[in-house]
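Number of protein chains: 4
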Amino acid sequence: MDTDRQTPPSALAVEPHCAAPRRGRPRSEAAEQAIFAAIERLMMEGAGLGDLTIEGIAQAAGVGKATIYRRWPNKEALLVDAVVRLETPEPELSGSSARQDLIETLEYMRRRGLDKRSRWVLMVIFHQLHSLPELKSVYYDRVIQRRRQVIRDVARRGVASGEFRADLDLDLLAEMLVGAMLVRTVLWDDSPLDDPALPVTMVDALLSGLGGPAHAAAR
Amino acid sequence: MDTDRQTPPSALAVEPHCAAPRRGRPRSEAAEQAIFAAIERLMMEGAGLGDLTIEGIAQAAGVGKATIYRRWPNKEALLVDAVVRLETPEPELSGSSARQDLIETLEYMRRRGLDKRSRWVLMVIFHQLHSLPELKSVYYDRVIQRRRQVIRDVARRGVASGEFRADLDLDLLAEMLVGAMLVRTVLWDDSPLDDPALPVTMVDALLSGLGGPAHAAAR
Amino acid sequence: MDTDRQTPPSALAVEPHCAAPRRGRPRSEAAEQAIFAAIERLMMEGAGLGDLTIEGIAQAAGVGKATIYRRWPNKEALLVDAVVRLETPEPELSGSSARQDLIETLEYMRRRGLDKRSRWVLMVIFHQLHSLPELKSVYYDRVIQRRRQVIRDVARRGVASGEFRADLDLDLLAEMLVGAMLVRTVLWDDSPLDDPALPVTMVDALLSGLGGPAHAAAR
Amino acid sequence: MDTDRQTPPSALAVEPHCAAPRRGRPRSEAAEQAIFAAIERLMMEGAGLGDLTIEGIAQAAGVGKATIYRRWPNKEALLVDAVVRLETPEPELSGSSARQDLIETLEYMRRRGLDKRSRWVLMVIFHQLHSLPELKSVYYDRVIQRRRQVIRDVARRGVASGEFRADLDLDLLAEMLVGAMLVRTVLWDDSPLDDPALPVTMVDALLSGLGGPAHAAAR
DNA sequence: CGATAACCGAGACGGTACGTCGAGTCTTGGC
DNA sequence: GCCAAGACTCGACGTACCGTCTCGGTTATCG
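Laid out in C-alpha cells, this is it:
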C-alpha cells in the first residue's frame, strides 16, 4: 500500500485549486525550500513559538509574504506543515524479538527527546493541537496512528511468540510506554532521558510486573 | 493538613510592592473575581488559547486593562494563575491498600480528563510550559511535585507491605501511570476515558506484568 | 486637414524596441481593443480612478498583465492613452463670425461637460497631470495647445474684422472662457451646464463688458 | 456670524463617538500636531500624492499608525483634513471700490498659485474631489462657497454703486475670473502668474469688454 | 475631617504582526 | 515573439493586541 508515494506529505497547504492542466508560472520549489529552511534556522537559533512570525520567516527566507500566504492560509498551517516535515523517519526494527523491538522503539523516542529539533516539534504540536482542529486529525493520522500501529504489530507478534501475555491490551501497552516517554520529553527539559538503559528498564518493568510478594499471593 | 490555607495560591501575581502598612484604596476583590469568572466563561464558550486576549477578558469582566496589569505582569502570568486556580483539589486516599490508592489516584485523573474545564487547564499548561519558564517551576512545584509525592508515598507503603517489588523505580511507576492517562487526556479528545474499569486494568497490568510464558521462562 | 490620421495618437506607449524588420508574432490588435474596451466599460460602471487597477483591467479584458506592460511602461501611461483615445474630435467651426465661432466652441465644451465619459476623462487628466510629467507635455501639446490655437485663430480673425478690440490679450480671452467652463465641469457635477444659452451669455458678457455707468465714466 | 469659531474646521475626522461626559484618556493634541506637521514637511520635501503613505507619515511624526486610524477612517480622509487645514485664510478686502476688491481677490489667488504649499493643496483637492464624495461637499461648503460669496458680495456692491452693469450674472463673473486663475494655477506650473499686473488686466478686460468697433456697432 | 495615596473604568499611546491587495517583473506551456 | 495564466518581490493598506500611560472619579487610611 502507498508504494508510489514520492511527494512529501504536505497537509493543510493550499493546493492550486485548478484540476488538470496547470497553467501559468508554476510555484517555485526553491521558495518553498527557503521557507522551510528559514523556519528551521530560526528555530535552531532558539526562537520560541511566539518569536516565529510570518514577516520574520519571509525576511529570513528572502521571500515575499504573499508567497507564503499563497501556500498556507495562515501562520498556524505553515507551522504545522513545517513540523510534520521535520518529523524524523520511523526506525527500522530489527525484529529479533518483540521485547527487543519495543526497546528499540523506546530508544528511538529517547534519542528524539534529546534532540533539540524534535523537542521543538513536539512543543509546536502540543501547542497547536487544540487551537487548530485540522492539525489534530492530520497529525493524528499521519504520525500518531502510524506509531501506534508499529507498537501494535510488535505486540501482536509478541503475543504469538508467547513473549507477551495473551490477554494483553495492546493500546494500554503502547500508551504506558509512549506516555512515560512523552512525560519525560515534554514536561521536563532537564529530563532524565540521558540514561541509555532507560528503555530496557521500562520494558522489563512492564513485562515482569512491579508487584511484590503480597501482590503475587493475592492473585 | 493545610488547614489554614485560605488565601488562594496566587503565584506569579504582582503583589502590591510596598511592604509596610499599605495605604490608599485597597484592591477590589470583586474585580479579581470578575476577571477569573470572565476567563472561565470565555473558556467554557469554547475560546481557544489564541482567542483569549487581555482586551477581551477585560471587556468581558467589565474591568479596565490596567486593573489586570496591576495584578499580573503579562498575559501568560494571568493565564497561569487562572489555571492554577481552576485545579481541582487532590483526592483523599482511602489508604486501605497501596494498590487501592493507586487506583483511586488514577480514577481521579480519569474523571479530571473527562471534565471540559480540567482538560482546558491541561491544554494551557502544555502550551505555556515552555514559553514561560516561570510557569514551569511554579506549576512543577505546586502541582506536579505534589502529585509525584503522593504516588511516591503510596508506592513506599506498598513496598513496605510487600505489595510492590522492593526494587521498584518509583518515578518510573509514576510516569507510566500518569503518562498513559495524560496521553488519553491531552492527545485525544474522543479519548477512551469512559471505561470506569480503566484504573483497575492499568494498575493490575503494571503490577502483574504483561510478559507471557516465554518472557517468564527467559528470566 | 489631418487627412492621413489613421494610426491612433498613442503617445507614451512602448513601441516594440527593435527598429528593423520585426520578427516573431505581431502584437494582437484585438488585445489592444479589449483593453481599451475594458477600461471604458469599467469607467462607465462608475469606477473611480482608484478603482481602476491593472489587474482589474487585465481581468476584465481577458488579457494577461504582461500584455499590458508590453505596451505601456506603467499604469499612468495606460490611463493617459486611454484618455487621449476617448477625446472627442474638435468641432467644425462655421466661420460665419468670430463671435459665432467662440459660441460654438463653448457649446462644444458644454456638451462635453454633460457627457459622463468626457467628464471622466477630464478627471483623469486633472488627477494625473502632476504625478506624471510626461503626460503633462503630451496632453498639453496634443489637446490643450490645439484648442488654444483654435481660439487664437478665431480671435485673430475677430480682431481683423473689428469684432474684437485690437489690444485683445488672446490667452486671457481663451482662459476666461475655458476656465469658466472647466469650473462648471470639473468642480461641480450638479453643475449648471444645462442652460443652452450659456455660451451666448458668456461670450456676449465678455465682449460687451460687465462694467456699469460708473465704470464707463471712469475711463 | 460665526464669531465664536475657535475649534479648527476638522471635517471627515472620526470624532470619539460618545456624547457627553468624555471618559478615558483624551486624545493627544500633540500627536495631532505632529501628524499634520509631518505631512507638511513631507509635502515640502517634494513628496507627490502617491508618495504620501500612512506608514511614512506615522514614522515621520513619531506616532503609531493606530493613532492616525483612530482619528481618520482612511488615508484619503486624513489628506483631506490636512489639506483643508493648510488653506490660507481669506484676504481682507479694502472695500475702496468693487473693482479694487475684485483685483485684490485675484491678487490673493495669484499669490496663492505661486506658493508651493497652496498649489499642492489644490492638487490634492482636484485629485480626491471625485474619488471621495464626502470631501466634495466638505470642501465645497467650506472653501468654494465661501469664496463665491465674497465675490458675490463685492459684485452686489458694485452693481449698487454703478460700477457694474445692473444685469450682471454674479456667478458668471465669479467663474470667469476664478476659472482663469485656476487654469493658470493648476494646469500649468510654468504658468504666467508672475506678472503682477495680471489681476488688473483681467478685471479691466472683463469690465470694459473685449468687443471691438464691429461688436459695439452690432448692439 | 481633610489630605493623600492607591485604586477604578475607559480608552488613547507607540509598537509589532497580521492577512490582503496591487504594482511591475518573470516564467510556464502553447500558438 | 506574442499570448493567457499565474507565480515572484516589494511595500502599503487597515486591523488587532500588547503593555503602558493618562484622564476623571472613587474609596480607604493617616494625620
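Residue numbers (this note's numbering), protein chains in the order written: chain A, 1 to 219; chain B, 220 to 438; chain C, 439 to 657; chain D, 658 to 876. Ideal placement from N, C-alpha and C gives every residue a C-beta, glycine not left out.
**Study point:** Residue range of the unbroken alpha helix (DSSP H) whose run includes L834/D
**Key:** L827 to L839
Point to revise | Residues, ordered as in the chain, of the region 379-396 of chain B that lie near chain A by beta-carbon distance below 8 Å | key: S380, G381, E382, F383, R384, A385, L387, D388, D390, L391, L392, E394, M395 and L396
Review point. Counting only beta-carbon atoms, is P856/D nearer than 8 Å to chain C?
Key: no
Check your understanding: To the nearest whole angstrom, what separates the beta carbons of L426/B and G211/A, a pair I think is in contact under 8 Å?
Key -> 4 Å
Review point. Under 7 Å from any heavy atom of the ligand PLP, does the C-beta of Q716/D make it?
Key: Looking at this structure, you won't find the ligand PLP or any other ligand, since it has none at all.
Review point. For L608/C, which of D591/C, L516/C, M619/C and L620/C has the nearest alpha-carbon?
Key: D591/C
Exercise for review: Would you please verify whether the beta carbon of P73/A is less than 8 Å from any beta carbon of chain B?
Suggested key: no
Practice item. Pick out whichever of M640/C, G647/C, K574/C and D642/C has its Cα sitting closest to the Cα of V522/C. Key: K574/C
Exercise for review: Would you verify that the beta carbon of R156/A is, or is not, closer than 8 Å to some beta carbon of chain B?
Suggested key: no
Exercise for review: From the DSSP output, in three-state form, read off G212/A for me.
Suggested key: coil
Review point. Do the region 58-68 of chain A and the region 33-44 of chain A meet, that is, are 3 or more Cβ pairs less than 8 Å apart?
Key: yes
Point to revise | For F383/B: DSSP bridge partner residues | key: G211/A
Practice item. Measuring only between beta-carbons, confirm whether R523/C sits less than 8 Å from chain D. Key: no
Exercise for review: Assess, as a yes-or-no matter, whether the region 285-294 of chain B is touched by the region 322-339 of chain B under the definition of 3 or more beta carbon pairs within less than 8 Å.
Suggested key: no
Check your understanding: Alpha carbon to alpha carbon, how far is E493/C from I473/C?
Key -> 11 Å
**Study point:** Segments of 4+ residues assigned as alpha helix (DSSP H) that fall wholly inside the region 233-291 of chain B
**Key:** 248-263, 273-280 and 284-288
Exercise for review: Could you tell me the distance, in whole angstroms, from the CA atom of R662/D to the CA atom of V807/D?
Suggested key: Model confidence at R662/D stands at a pLDDT of 42, short of 50, so the residue's coordinates are unreliable; what they give is reported in the following sentence. Using only the alpha carbons, I get a separation of about 19 Å.
**Study point:** CB contact below 8 Å: A277/B versus chain A
**Key:** no
Check your understanding: My guess is that A374/B and L387/B are in contact by the Cβ rule of under 8 Å, so how many angstroms apart are they, rounded?
Key -> 6 Å
Exercise for review: Label M400/B either buried or exposed according to how many other C-beta atoms from any shown protein chain fall within 10 Å of its C-beta, with 16 as the threshold for buried.
Suggested key: buried
Review point. M439/C: buried (16+ other C-beta within 10 angstroms of its C-beta) or exposed?
Key: In this prediction, M439/C scores a pLDDT of 43, lower than 50, which makes its location untrustworthy; the coordinate-derived value is nonetheless stated afterwards. Exposed, because fewer than 16 other Cβ atoms sit within 10 Å of the Cβ of M439/C.
Point to revise | Any chain B beta carbon closer than 8 Å to I103/A | key: no
Check your understanding: If you draw a straight line from the alpha carbon of P245/B to that of Q33/A, how long is it in whole angstroms?
Key -> 57 Å
Exercise for review: Have a look at L341/B, V378/B, S247/B and G377/B and flag the residue whose alpha-carbon is nearest the alpha-carbon of V362/B.
Suggested key: L341/B
Review point. Pick from E747/D, L850/D, V840/D and H872/D: whose alpha carbon is nearest that of R955/D?
Key: Here chain D covers residues 658 to 876 and nothing more, so residue 955/D does not appear.
Practice item. Go through its chain and collect everything with a Cβ distance to R112/A's Cβ below 7 Å, but skip five positions before and after it. Key: T88 and S118
Review point. Hey, how far is the Cα of R728/D from the Cα of Y796/D?
Key: 19 Å
**Study point:** CB contact below 8 Å: M701/D versus chain C
**Key:** no
Check your understanding: Where does E747/D sit, in a helix, a strand or coil, going by DSSP?
Key -> coil
Point to revise | Residue environment, M421/B, which counts as buried when at least 16 other CB atoms sit within 10 Å | key: buried
Check your understanding: Can you tell me where the alpha helix (DSSP H) with A317/B in it begins and where it stops?
Key -> A317 to L333
Check your understanding: Roughly how many angstroms lie between the CA atoms of A174/A and E248/B, to the nearest whole one?
Key -> 48 Å
Point to revise | Neighbour flag for M109/A against chain B, beta carbons, 8 Å | key: no
Point to revise | Test item: CB-CB of E820/D and S754/D under 8 Å | key: yes
Review point. Can you tell me whether DSSP reads A197/A as helix, strand or coil?
Key: coil
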